[in-house]
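Only one structure is covered here, and it is reproduced in the block below.
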Amino acid sequence: MKTHRIAVVPGDGVGPEVVAEGLRVLRAAAGRFGFAVELTEFPHGTEHWLATGEVLPDEVLERIAAHDAILLGAVGDPRAPVGELERGIIGRLRWDLDLYVNLRPVELMDERFCPLKGKGPDDVDFVVVRENTEDAYVTSPEFHDRNSPQEVAVQPMRYTRRGTERIVRYAFELARTRPGKRLTLVDKANAIRAQDLWTRVFAEVGEEYPDVERDHLYVDAACVRMVEAPESFDTVVTTNLFGDVLTDLGAALQGGMGMAASANLHPGRLGLFESVHGSFPQAAGKDLANPIATILAVAMMLDWLGEGAAGAAVREAVRTALTAGPIRSLELGAHGTREIGEAVLDALAGQVTAG
Ligand code: IPM
Ligand code: MN
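In terms of the working numbering, the sequence shown opens at residue -6 and continues consecutively.
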């Protein structure tokens, strides 16, 4: 039997609760599809930092990287300085392991979860390819004349040709496999002229993909179009920062932050799977958080591990739980974390009985 070795980092806030549901679904899928999972849990996060002063030592980063895949809950807690653990854990995993693709599907499962009038699953079905290793995320902040009236704060947006080219190429390859065969570049090259690099790389690489229709939007216009005409998107490629912002808007279109999953990939090497949402510390331990984002991240992980049938079954089980199953509402508190996990597990088990 094939064994997949998974590093699990539950992290902060609601992370451990949603990861627990993700793992229940993962184990059920393994039993059903005939593969094994070997899980190694890493305690890193704010509690661990408070207790030991350790964020993520190099040696631990290396051990995590030696797995077939990584499942991450969430990181962030008001007891730690702003950004310290987010950058020290999520950031380092993305940047130091060179997981340059942040794949964020925006897929609406049922019309009643969409905040837009009259839009259904056929209208909200696209994928955002977010660059994951460059931009203002990885340059150093500088504060000159701190706390004086002359203070100047600087953190440059920095793009390399190599970094831009590999993500744009990945996006063209992905767009080629999708029914729409349409790739939209989202940037702000009219104001941020450094992004002219993206304009040029997109045109150059695009020459190699005559079968993919090329489209371009400035990020402000992209926000409008995502709300007014989400059906006009198929595959989107964008910078790290704009990808962060756009995919929270995308999550809202899917039914909220509890519904959006993501994969951080270095193709051919390593994948880290997580929800798009944060640690939501106010809800921690209250059985309130929606675990579907993490369950859908598990489905993406199964695809990555070569267990595509299991990944598809998990996605189908989520769809069933939401449309034909007991989940009536995604309002906070309408259903508990465990209850939603249970509904997905029931739907997964029901697929066997049904067919
Ligand atoms: C995300 C998160 C992170 C990001 C934070 C936690 C640093 O918002 O994964 O979208 O900005 O990338
Ligand atoms: Mn974000």
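Backbone N, C-alpha and C fix where the C-beta goes; we use that ideal spot for every residue, glycine too.
Remember, it's a predicted structure, so these values are computed and weren't measured experimentally.
Quiz prompt | Contact with chain D by residue 303, beta-carbon distance below 9 Å | solution = Of the protein chains in this structure there is only one, and it is not chain D.
Practice problem: Compute the minimum distance between the beta carbon of residue 126 and the heavy atoms of the ligand MN, and state whether it is under 8 Å. | Solution: The residue labelled residue 126 in the question sits at position 133 within the sequence shown. Result no, Cβ not under 8 Å from the ligand MN.
Self-check item: Cβ pair residue 226, residue 175 closer than 9 Å
Solution: Your numbering for residue 226 matches position 233 in the sequence shown. Your numbering for residue 175 matches position 182 in the sequence shown. A contact, by the Cβ cut-off of 9 Å.
Self-check item: Alpha-carbon to alpha-carbon, residue 184 and residue 79
Solution: Here residue 79 refers to the residue found at position 86 when the sequence shown is read from its first residue. Here residue 184 refers to the residue found at position 191 when the sequence shown is read from its first residue. Cα to Cα, residue 79 sits roughly 29 Å from residue 184.
Self-check item: Residue environment, residue 97, which counts as buried when at least 16 other CB atoms sit within 10 Å
Solution: Position 104 of the sequence shown, counted from the first residue, corresponds to residue 97. Classification for residue 97: buried.
Quiz prompt | First through last residue of the beta strand (DSSP E) which encompasses residue 207 | solution = Within the sequence shown, the letter at position 214 stands for residue 207. Run containing residue 207: 206 to 211, per the beta strand (DSSP E) assignment.
Self-check item: Pick from 180, 297, 275, 342 that is closest to residue 8, judged by C-alpha positions
Solution: Position 15 of the sequence shown holds residue 8. Nearest option by C-alpha distance: 275.
Quiz item: Which parts of the region 120 to 203 are runs of the alpha helix (DSSP H), unbroken and 4 residues or longer, counting only runs that do not cross its ends?
Solution: 154 to 170, 189 to 199
Quiz item: If you draw a straight line from the C-alpha of residue 150 to the C-alpha of residue 318, how long is it?
Solution: Here residue 150 refers to the residue found at position 157 when the sequence shown is read from its first residue. Here residue 318 refers to the residue found at position 325 when the sequence shown is read from its first residue. One Cα belongs to residue 150, the other to residue 318, and the distance between them is close to 46 Å.
Quiz prompt | residue 266 in three-state terms, based on DSSP | solution = The sequence position of residue 266 within the sequence shown is 273, counting from 1. Strand, per DSSP.
Exercise. Figure out for me which residue from 189, 310, 251, 231 has the closest Cα to the Cα of residue 345.
Key: Position 352 of the sequence shown, counted from the first residue, corresponds to residue 345. Comparing Cα-Cα distances from residue 345 to each of 189, 310, 251, 231, the minimum goes to 310.
Quiz item: For residue 50, does the count of other Cβ atoms within 10 angstroms reach 16, so buried, or fall short, so exposed?
Solution: Taking the sequence shown and counting its residues from 1, one reaches residue 50 at position 57. Residue 50 is exposed by the Cβ-count criterion.
Quiz item: With burial defined as no fewer than 16 other Cβ atoms inside 10 Å of the residue's Cβ, what is the status of residue 328: buried or exposed?
Solution: Along the sequence shown, read from residue 1 onward, the residue named residue 328 stands at position 335. By the neighbour-count rule (16 or more Cβ atoms within 10 Å), residue 328 is buried.
Quiz item: Are the beta-carbon atoms of residue 119 and residue 145 separated by less than 9 Å?
Solution: By 1-based counting over the sequence shown, the position of residue 119 is 126. By 1-based counting over the sequence shown, the position of residue 145 is 152. Going by C-beta atoms, residue 119 is not nearer than 9 Å to residue 145.
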